[in-house]
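Below is one structure, written out as structure tokens; comments come after it.
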Amino acid sequence: MADRQPNVILILTDDQGWGDLSCKGNTNIHTPNLDRLGAGGADFDSFYVTPLCAPTRAEILTGRWFPRTGVKGVTRRAECMHLDETTIGDVFSAAGYSTGYFGKWHSGSVYPYHPNARGFREFTGFCCGHWSHYFDSTLEHNGEEFKAEGFITDYFAERAMDFIETKQNEPFLCYLALNVPHSPFQVPDEWFDRVKDREVTMRNRDAEKEDVNVTRAVLAMCENMDWNVGRVLSKVDELGLAEDTIVLYMTDNGPNSCRWNGGMRGRKGSVDEGGVRTMFFMRWRDHIREGLKVDRIGAAVDLLPTLADLAGIECNTGKPLDGISLRPLLLEETEPAAWPDRMIFARSPNGKKASVRTQQYRAGGHQDGLFEMATDIGQNTNLAAERPDKHRELIRELTTWQAEMNGLYQENDDDRPLPVGYPEFPHMYLAAQDGLPEGDITWSSRHPNASFFINWHNQADGVNWDVDVKTAGRYAVTLMYTCPESDLGATIAVEFMGERLEATIGEAFVSPLKDKDDRIERVESYEKEFWPLQMGEIALAKARGMFRLSAVEKPGSNVIDVRAIRLDLLDG
């Protein structure tokens, strides 16, 4: 269509490595659709993200280094961005775009950290850092939970395709954030059967550390993902939108296991090359030349300014961006040799590890060294002693940047209570991952995301949630629990600022753990179903304090297992 602003489809994967594509030379895997996508436009060979999920997502959303956004980690509210940050959803929505987000959010689970409050009018997915089950999953649509059908990657792709078809006559931003190959390692038989006996010939640089069974599970998940990306691209072609649509593809950090990754040092969690380098494809038919190879470095913070520039829309964020527009490289408006060198920084959320990448070097990270990246992708030869001036220069820049980022954390020491009671989003969950258990009560996994509370053996124990009630009024309280027949009869209480509500567990509900679909034994919590107990109504004052769950009576050996408490604002 003439004079139409381009649509944008941004596809982000979770824990996929740079090397998990056949077009990167990996003969273990078959990714024909992604290979075609990479060949159909620009392929940035040296593009960088952060070592972990939530920090990268913050940089994509805001165009700013993640410490500026308030992100401090990946769980227990440390993944939340400051509310005064402007997101790519905000920018494109303000420009008249329809905005949809499908998949894993991981930037805050409750309103106004929720995607519906951050520029995305349509949201289907989950807000947590990872999900515990990939078949017939419990997801949410604009804040309301529902049971999805089928395999989660297929489902997210289908919802994205529905959105694209529905919005085909207006400019849209479709953010498809697939949650694979993040564990748990689950994938349909159709895909696993293709790889279960496949010989893994290309191995990690430290082959003795590689579990080939994990690698095979990842291969199956990535090949299914490739098929789903192919379906999305076919929908774009079917609707005649290819010339009007920018399609991007990347991952959020390095690979989540030891497997082939081009010989690079490091994996997920590392600030070395293998922990932060991602594939990055961008296709815009008839605008970006097919087969364009870009060797200049780029980063996640560049996405917002680049896409706004290509779409011709104002990028009014109210705060300075750290990213730059890559349009001149994409549209070949400048010679790569004339492109100025820059520094791209990487750090762990706690700041204990950091490195800096220029076009030629990486400094910091492994051995706190200096490495020539064009000839030493594995960071095997430390040149710090041979080129001391360059090493000192880059370490000085890195140290200065680190000090600035650390200062931001001290300046914005936000302990982030859970907001409750926004009339425009009247329901919310006090989830187990955000609670503070007492005594023997603990999470069902050492990773709190997508977990539930167990081991409530002592009546004196309880759980607290730090909440900030925004609207005084009556709230309906629903407790999500499991309890066997032998433990029936416990009396449960919730209380806040002197107001109290009690209810008795009068119905047994036991749900088996969904542990049959894993290809590899997991470390995360297993999922099970929970029963909703409508406890009644409670009056909550407009105040910040601890919302407490406790046991008044415990006739059995255990009180209950708890997934969450749902609060619904009834009036205010």
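Okay, so the sequence shown: first residue is 80 according to the working numbering, each after it adds one. Glycine is no exception: its CB is placed at the ideal position from the N, C-alpha and C atoms. From a predicted model like this one, the values you see are computed outputs, not experimental measurements.
Query	Result
Same chain, Cβ closer than 7 Å to Asn307, five either side skipped, listed in chain order	Thr232, Asp233, Ala236
The segment 330-345 / the segment 128-141 touching (three or more Cβ pairs under 8 Å)	yes
Cut-off 8 Å between Cβ atoms - residues of its own chain near Asn395, not counting five sequence neighbours on either side	Thr165, Val170, Ala173
For Ser44, three-class secondary structure by DSSP	The shown model of the chain, from 80 to 651, leaves out residue 44, and the question about it has no answer.
C-alpha gap between Trp418 and Gly120, whole angstroms	20 Å
Secondary structure of Met80, DSSP reduced to three states	Low confidence applies here, because Met80 scores a pLDDT of 46, under 50, leaving its location unreliable; read the following figure in that light. Residue state, collapsed to three classes: coil.
Helix, strand or coil at Asn292 [DSSP, three-state]	helix
Met80 versus Glu244 - alpha carbon distance	At Met80, the pLDDT of 46 sits below 50, so the modelled position is not reliable and the matter cannot be decided from this model.
Tyr234 (DSSP reduced to helix, strand or coil)	helix
Whole runs of the alpha helix (DSSP H) within the segment 230-276, excluding any shorter than 4 residues	231-245, 268-274
Cβ neighbours of Gln438 in the same chain (closer than 6 Å, five flanking residues each side left out)	Ile376, Asp420
Inter-stretch contact at 8 Å, needing at least 3 Cβ pairs: the segment 466-476 / the segment 378-395	no
Own chain, CB closer than 7 Å to Phe629, minus 5 neighbours either side, in chain order	This sequence places Ser at residue 629; Phe is not what is there. Taken in chain order, the residues that qualify are Gly541, Ala572.
Continuous alpha helix (DSSP H) assignments of at least 4 residues falling wholly in the segment 144-183	145-148, 167-173
Inter-residue spacing [alpha-carbon to alpha-carbon] between Arg147 and Glu606	34 Å
Exposed unless 16 or more other CB atoms sit within 10 angstroms - verdict on His193	buried
Status (buried if at least 16 other CB within 10 Å, exposed otherwise) for Arg338	buried
Selected residue, minimal CA-CA separation from Asn292, among Phe264, Asp268, Glu302, Gly319	Phe264
Per DSSP, the bridge partner or partners of Cys562	Phe588
Three-way DSSP call (helix, strand, coil) for Pro502 in this model	coil
Cys253 versus Pro591 - alpha carbon distance	36 Å
Terminal residues of the beta strand (DSSP E) in which Pro611 lies	610-619
Proximity winner among Lys347, Arg156, Ala442, relative to Met422 (alpha-carbon distances)	Ala442
Own chain partners of Arg277 with C-beta closer than 8 Å, once the 5 adjacent residues on each side are dropped	Asn107, Arg295, Leu298
For Val631 and Ala539, the rounded distance between their alpha carbons	8 Å
Simplified DSSP assignment, three categories, for Val279	coil
DSSP-derived helix/strand/coil call for Asn112	helix
Neighbourhood of Ile599 by C-beta, 7 Å cutoff - its chain only, sequence neighbours within 5 removed	Phe264, Asn292, Val293, Ala296
Residue burial classification, Asn221 (beta-carbon count within 10 angstroms, cutoff 16)	exposed
Collapsed DSSP secondary structure at Ala539 in the structure displayed	coil
Residue span of the beta strand (DSSP E) that contains Arg406, given as start and end	Segment 406-409 is the alpha helix (DSSP H) holding Arg406; no beta strand (DSSP E) there.
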